[in-house]
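Student: The structure under discussion is supplied below as structure tokens; questions concerning it will follow.
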Amino acid sequence: MSTNKLPTQAEDFPAWYVEVVKRAELAEHGPAKGSMIIKPHGYAIWELTQRALDDRFKATGHENLYFPLLIPMSLLEREADHVEGFAPQVAVVTHGGGEKLEEPLAIRPTSEAIIWSTYKRWIQSYRDLPLLYNQWANVLRWEMRTRLFLRTSEFLWQEGHTAHATADEAMAETLQMLEVYRQVAEDVLAIPVHMGRKSPGERFPGAVETYCIEGLMRDAKALQCGTSHFLGQNFAKAYDVTFLNADGEQEHAWATSWGFSTRMVGGTIMAHGDDAGLRLPPAAAPIQVAIVPIARTDEERVEVLEVAGKLRADLAAAGVRVRLDDRDQHRPGYKFAEWELKGVPVRIELGPRDVAAGRVVMASRLGGEKEEVALADVASGMAERLASVQKALYDDALAYREANTHEIASFDAFAAGVEEQGGFWVGAWCGDGACEAEIATKTKATIRFLPIEPTDPGGPCVHCGKPGVDVAHWARAY
RNA sequence: CGGGGCGUGGCGCAGUAGGUAGCGCGCGUCGUUCGGGACGACGAGGUCGGAGGUUCGAGUCCUCUCGCCCCGACCA
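Counting with our numbering, you get residues -8 to 469 for the letters of the first sequence.
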């Protein structure tokens, strides 16, 4: 690991980000363009996120299944908007077994096509509905520009695909999963998010409505953190999925899909990190507590490690993810810096003086003074301590977002403000896609979201002056 | 696709007029160290992205080629 200083967030945020990802051993570039090797510390963050999501999926009645990576091109091409939206990003397998394939196979950029072509066989009657399924998978999108975690050509995610008998039920499902995403983003990753609706221009290809959770990163740029789509009957029509309702009539099924990806590991880094590196929310921290033993002599080492080992066992028994850093090739100062870089929320220093006094020295990744805590109280008080770190990170991010959210007083102020300080800019929008596009061209800011229910802004569009029909949050985004 | 950059020990880099490859970190052994990124000694490790060419001789010059990264347009 390099011991040079990190670039600071203020001088070069993108460089800071890449360096943190690499030095904290979250991930590195794979050999193929835009690909990523996720290392154990990064993957463990993803695993914790996965578990939090999966538990909630199960609790809301969903089951996991798995569909194939390869999709025959003809299948993918059935839904017009969907094809048009994804065509430029699809990688295609043309050869296999040393020969050119009869029909090229697309590597899934998302799985609506293969899933809905299959649902056709699974759905006959309203009694077969709803289908509440989710899959954990990798997908591939040929991106022009990539960034570790935030945008890689291949990424890991979950994609839920549900089928319903009525539009109302499908819409309720769409919003329910959006709420699940909000909970995981806020309660687990400690990233405050807005729940909203995408403008037609930002909608998922093939969706009737796209809802999203949207967060603000430490550089005042927005990040789309998860999306939940109400697909209407578009896919059922494209893939001919019909069912007989209770009145004996054929109907097309109603669909939703929703996804949350490894991008959020990047979001967690950018929402909380500081100039010393990562700051992980305890709920998503692979290691919540690192114990650094300190000793000079062999006798001290034996004595300290014995106490440290017992402390580790006590913490583990209390349900804490704890690491005893007993590596002897590094001195304590090195370890302090490393665990800070890796974002471990709480560090415990344990040396001969502490052993003698029956206490430890505790340091929070959030800063402040080191604190002496009686050995006997460490394990019992840890859950509460971690919870307070979790809350503090969330509160900090929320305060940052509030401080970087602005009402639009005039278009010029908006354009200048978004350029100089970033953040969310809130104001009235006329609902016209052409106007939206012009704003994007002029400011590089896009509508990140509209309220879930259209809301009268009570004034004219901030750009064109036509009557406003909705309240928009604009920002520059990843 | 447009603009820029880079391919040389594991990582980051240097490389003289073309003369047979070096530095820092890391790695191994030993010793001293250990409460905020330790130090010393010794040691291991490279057909310089690939192919062709010029030359007595190429990391270095020429031609071709492959790949990756960064910045913009596309996107979770």
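Beta carbons are placed, not taken as given, at the ideal position from N, Cα and C, and that holds for glycine. All figures in this text were calculated on a predicted structure; none of them were measured in a lab.
1. Could you check the C-alpha separation between residue 137 and residue 9 for me, to the nearest Å?
2. Residue 234 and residue 158 look like a contact to me (Cβ under 8 Å); what is the Cβ gap, rounded to whole Å?
3. Nearest-angstrom Cα distance between residue 378 and residue 88?
4. Is residue 211 closer than 8 Å to residue 487 when the C-beta atoms are compared?
5. Which residues does DSSP list as the beta-bridge partners of residue 175?
6. Near residue 13, what residues of its chain come up, given a Cβ to Cβ distance below 7 Å and the 5 sequence neighbours on each side ignored?
7. Taking only runs that begin and end inside the segment 48 to 91, name each unbroken beta strand (DSSP E) of 3 or more residues, in chain order.
8. Do you know offhand how far residue 125's Cα is from residue 374's?
9. Below 8 Å on the Cβ atoms is my guess for residue 169 versus residue 219; work out the distance and round it to an integer in Å.
10. If residue 285 and residue 324 are in contact, beta carbons under 8 Å, what's the gap, nearest whole angstrom?
11. For residue -7, count neighbouring C-beta atoms within 10 Å of its own C-beta (all shown protein chains included) and say buried if the count is 16 or more, exposed if not.
12. Roughly how many angstroms lie between the CA atoms of residue 357 and residue 166, to the nearest whole one?
13. Express the C-alpha separation of residue 437 and residue 4 in angstroms, rounding to a whole number.
14. Only counting runs of 3 or more residues, tell me where the beta strand (DSSP E) segments fall wholly within the segment 358 to 409, in order along the chain.
15. On the three-state DSSP scale, how would you describe residue 135?
16. In terms of alpha-carbon separation, which member of 94, 192 and 25 lies closest to residue 135?
17. Leaving out the 5 sequence neighbours to the left and right, which residues in its chain are closer than 7 Å to residue 402 when beta-carbon positions are compared?
18. Given a cut-off of 8 Å on the beta-carbon distance, is the pair residue 300 and residue 315 in contact?
19. Determine the direct distance from the alpha carbon of residue 142 to that of residue 6, and round the result to whole angstroms.
20. Could you say if the segment 59 to 73 and the segment 103 to 121 meet the contact criterion of at least three C-beta pairs nearer than 8 Å?
21. What residues match up with residue 546 in a beta bridge as DSSP calls it?
22. Are there 16 or more other CB atoms within 10 angstroms of the CB of residue 370, so buried, or fewer, so exposed?
Tutor: Looking at the coordinates:
1. Taking the straight line joining both Cα atoms gives about 12 Å.
2. That pair is no contact at about 14 Å.
3. One alpha carbon belongs to residue 378, the other to residue 88, and they sit about 54 Å apart.
4. Past the boundaries of the shown model lies residue 487; the chain is included only from -8 to 469, so the question cannot be answered.
5. DSSP, once it has assigned bridges, lists no residue as partnering residue 175.
6. Answer for residue 13: 19, listed in chain order.
7. Segments of the beta strand (DSSP E) lying fully in the segment 48 to 91: 61 to 63 and 83 to 87.
8. Taking the straight line joining both Cα atoms gives about 32 Å.
9. Correct: roughly 4 Å between the Cβ atoms.
10. Not really, about 10 Å apart at Cβ, beyond 8 Å.
11. Model confidence at residue -7 stands at a pLDDT of 48, short of 50, so the residue's coordinates are unreliable and nothing is read from them.
12. Rounded to whole angstroms, residue 357 and residue 166 show a C-alpha spacing of 34 Å.
13. So the two alpha carbons sit approximately 21 Å from each other.
14. Listed in chain order, they are 362 to 365 and 396 to 398.
15. Of the three classes helix, strand and coil, the one that applies to residue 135 here is coil, per DSSP.
16. For residue 135, the closest alpha carbon among the candidates 94, 192 and 25 is that of 25.
17. The beta carbon of residue 402 is closer than 7 Å to those of 453 and 454 in its chain, skipping five residues each way along the sequence.
18. Cβ atoms of residue 300 and residue 315: closer than 8 Å.
19. In a straight line, the C-alpha of residue 6 is about 16 Å away from that of residue 142.
20. In short, these stretches touch, since the Cβ pair count reaches three.
21. Missing from the structure shown is residue 546; the chain here goes from -8 to 469 and no further.
22. Result: buried.
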